[in-house]
Amino acid sequence: MLFDTHTHMDAVQFEEDREQAMQRALDAGVSKILNIGFNRETIPTTMKLAEQYEEVYAAVGWHPQDAVTMREGDLEWIEELCSHPKVVAIGEIGLDYYWDTSPKDVQQRVFREQIRLARKLNKPIVIHNRDAHHDVVTILREERAEEVGGVMHCYSGSWEIAKQCLDMNFYISFGGPVTFKNAKQPKEVLAQVPLDRLLVETDAPYLTPHPHRGKRNETGYVTLVAEAAAQIKGISYEELARITMQNGCKLFGIS
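223 is the number that our numbering gives to position 241 of the sequence shown; each next residue is one higher, with no gaps.
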């Protein structure tokens, strides 16, 4: 049984066949799913999905690309939702210096505020980091994020950065790119991440794994990520599935 620790099955890309896509995931052996609500539009749809499906849990937070849209009262909204039994993390939060949609200073302020909220509520955090490795690690350290830990979602950085994140009580999660032939760095980092800190995900509908690359991703394809990860680690698929399920449940406090 697999845990897809990061997906967006509430996305508009699934409007035509969401129920069928969810059933395909269950049929593939995916028994736990963390869906991510990351702005004003996707937080309610994520909550709806978590209440509809027993297998789905929710993370709620404000994405760095949307940081500029965060208004007074939104942080309190996230705090209120964190009392829901299916909300197991705050995220995805972090920094994104690739897309020029929110000023860096705004992203950093919103990131810090949400880490502080996570520490107040004792919730793990789900980190989005694109082209901002140094600043992400610096802010995590300055805001004492190791007190709650979390996951570096769809990790794409170096082993040096990964080591710093591991030292701060974070798990490292890998998605579709580890199945790509030319993805040298993610594979090298995955090989070095301790098994007890490893997670797998899809980030559906994005980052579709081989051999479906170029098409819409869905949470059932986490099996392809797990197969690649097992091969890189030199263990069986079943063992990889068992370990990553155990890790995900431990991190997110799921029995």
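Glycine residues also receive a C-beta, built at the ideal position from the N, C-alpha and C atoms. These numbers come from a predicted model, not from an experiment.
Cβ shell of residue i (< 6 Å), same chain only, five flanking positions each side left out
i: Lys68; result: Ala32, Tyr39 and Ala40
i: Ala100; result: Ile72, Ile107 and Val130
i: His66; result: none
i: Gly11; result: Met(-17) and Leu(-16)
i: Phe(-4); result: Ala3
i: Leu177; result: Ile225
i: Arg198; result: Gln(-5) and Pro187
Sequence-distant residues of its chain with Cβ nearer than 7 Å to residue i (five each side left out)
i: His110; result: His45, Pro46, Glu74, Ile75, Gly76, Asp78 and His135
i: Glu23; result: none
i: His115; result: Gly139 and Ile143
i: Arg94; result: Ile121 and Glu125
i: Asn21; result: Trp44, His45, Asp48 and Thr51
i: Tyr219; result: Ala208, Glu209 and Ala212
Residue i versus residue j - alpha carbon distance
i: Leu172; j: Pro191; result: 16 Å
i: Glu183; j: Ile97; result: 22 Å
i: Val204; j: Ala7; result: 8 Å
i: Val42; j: Glu61; result: 9 Å
i: Ile225; j: Gln167; result: 22 Å
i: Trp59; j: Pro193; result: 40 Å
i: Thr51; j: Gln89; result: 10 Å
i: Ser140; j: Glu1; result: 37 Å
i: Asp48; j: Ser84; result: 7 Å
i: Ala144; j: Glu54; result: 34 Å
i: Asp(-14); j: Trp81; result: 25 Å
i: Asp185; j: Thr(-11); result: 4 Å
i: Ala(-7); j: Pro187; result: 7 Å
i: Thr161; j: Leu206; result: 7 Å
i: Lys102; j: Cys64; result: 11 Å
i: Glu(-2); j: Met(-9); result: 12 Å
Same chain, Cβ closer than 8 Å to residue i, five either side skipped, listed in chain order
i: Gly196; result: Thr190
i: Val70; result: Leu16, Tyr39, Ala40, Ala41, Lys105, Pro106, Phe234, Gly235 and Ile236
i: Arg179; result: Leu148, Phe152, Tyr153, Ile154 and Asn229
i: Ala165; result: Pro159
i: Gly216; result: none
i: Thr201; result: Asp(-14), Thr(-11), Met(-9), Ala3, Met4, Ala7, Val12, Ile15, Thr184 and Ala186
i: Asp56; result: Arg22 and Trp44
i: Ile214; result: Val160, Lys169, Leu172 and Ala173
Identified DSSP bridge partners for residue i
i: Met134; result: Ile109 and Ile154
i: Ala41; result: Ile18 and Ala71
i: Phe(-15); result: Lys14
Closer than 6 Å: residue i CB and nearest the ligand ZN heavy atom
i: Asn21; result: The model depicted lacks the ligand ZN and carries no ligand whatsoever.
Residue-chain proximity (residue i, chain D), Cβ-Cβ < 7 Å
i: Cys136; result: Judged by its chain identifiers, the structure shown contains no chain D, having just a single protein chain.
Legend entry - Secondary structure, alpha helix (DSSP H): runs of 4+ residues fully inside the segment 70 to 119: 86 to 103
Inset, instruction - Check whether the segment 118 to 125 touches the segment 164 to 178, taking contact to mean three or more Cβ pairs, one atom from each stretch, closer than 8 Å. - result: no
Inset, instruction - With a floor of 4 residues, list each alpha helix (DSSP H) that falls wholly inside the segment -12 to 18, ordered by position along the chain. - result: 0 to 9
Legend entry - Continuous beta strand (DSSP E) assignments of at least 3 residues falling wholly in the segment 166 to 203: 180 to 182
Inset, instruction - Determine contact between the segment 210 to 229 and the segment 148 to 162, defined as no fewer than three beta-carbon pairs at a distance below 8 Å. - result: With the rule of 3 Cβ pairs closer than 8 Å, the segment 210 to 229 counts as touching the segment 148 to 162.
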